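Reading through the structure tokens given below for one structure.
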Amino acid sequence: ITVKDVLLSMQRGGGGGLICIAGIEDGFVHLRRMAKEYHEAIYIIMVEGEEEEDATASVRWKKIKGMTKGWKKVKCNTIFDLPRDAIQPTGVDSTLEYLHTNDVAKNVMTKLKASSKNSQPEEDDDERMR
């Protein structure tokens, strides 16, 4: 994601924005730099990972736990946490069903919609009625 992408998403009328997907191990240095100026336009949605059980993965797991803490410290508007089952739906219908039935997902969607409305310029009542 670039500064240009953030600026374009902030100028869109009627809500919306950008959704960028990153793995914990992708790092957050670039995002942290952009957050200095554009933190109000950044929302982070974290999905719980699976704990790794074998001994060879313990070093990697510790690294991931540390990087997760770093992601959570990035200056942004809001950070949401979703349970692991949020990424299980594979099709559009199953994803929509999940978003409409899971209480945590519904709460996140409600907060994102409210935030999108709050960031939009106020309209006159006459224009809303048209």
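Note that this note's numbering has the sequence shown beginning at -19, numbered continuously upward. Every residue, glycine too, gets a C-beta built ideally from N, C-alpha and C. Keep in mind the model is a prediction, meaning the values are calculated, not measured.
In three-state terms, what does DSSP make of residue i?
i: I59; result: strand
i: I24; result: strand
i: T75; result: helix
i: Q(-9); result: helix
i: T70; result: coil
i: N122; result: Limits of the chain in this structure are -19 at one end and 110 at the other, which puts residue 122 out of reach.
i: T48; result: helix
i: T(-18); result: coil
i: K42; result: helix
i: V54; result: coil
i: I4; result: helix
Sorted by chain position, which residues of the same chain lie with C-beta nearer than 8 Å to residue i's C-beta, five sequence neighbours on each side aside?
i: K16; result: K55
i: I44; result: I4, E5, G29
Taking all protein chains shown into account, decide if residue i is buried (16 or more other Cβ within 10 angstroms of its Cβ) or exposed.
i: A126; result: There is simply no residue 126 to check, as the chain begins at -19 and stops at 110 in what is shown.
i: L88; result: Note on identity: in this sequence residue 88 is Val, with Leu being the wrong assignment. Buried, because 16 or more other Cβ atoms sit within 10 Å of the Cβ of V88.
i: L76; result: exposed
i: L(-12); result: exposed
i: I(-19); result: exposed
Is any non-hydrogen atom of the ligand PLP found closer than 8 Å to the C-beta of residue i, if you look at the structure I gave you?
i: K53; result: Questions concerning the ligand PLP fall outside what the structure shown contains, since it holds no ligand whatsoever.
Between which residues of its own chain and residue i is the CB-CB distance below 7 Å, once the five residues before and five after are set aside?
i: A85; result: L62, A66, Y78, L79
i: A2; result: none
i: R110; result: The predicted position of R110 is uncertain, since its pLDDT is 40 and thus under 50; a value taken from the coordinates is nonetheless stated next. Closer than 7 Å at Cβ, skipping near neighbours: no residue.
Using a Cβ-Cβ cut-off of 6 Å (strictly less than) and excluding sequence neighbours within five positions of residue i, which residues of its own chain qualify?
i: V(-14); result: Y18, A21
Cβ of residue i within 9 Å of Cβ of residue j?
i: M14; j: V(-17); result: yes
i: M26; j: K52; result: yes
field: Segment contact, 8 Å Cβ cut-off, at least three pairs: the stretch 47 to 63 with the stretch 1 to 21
entry: yes
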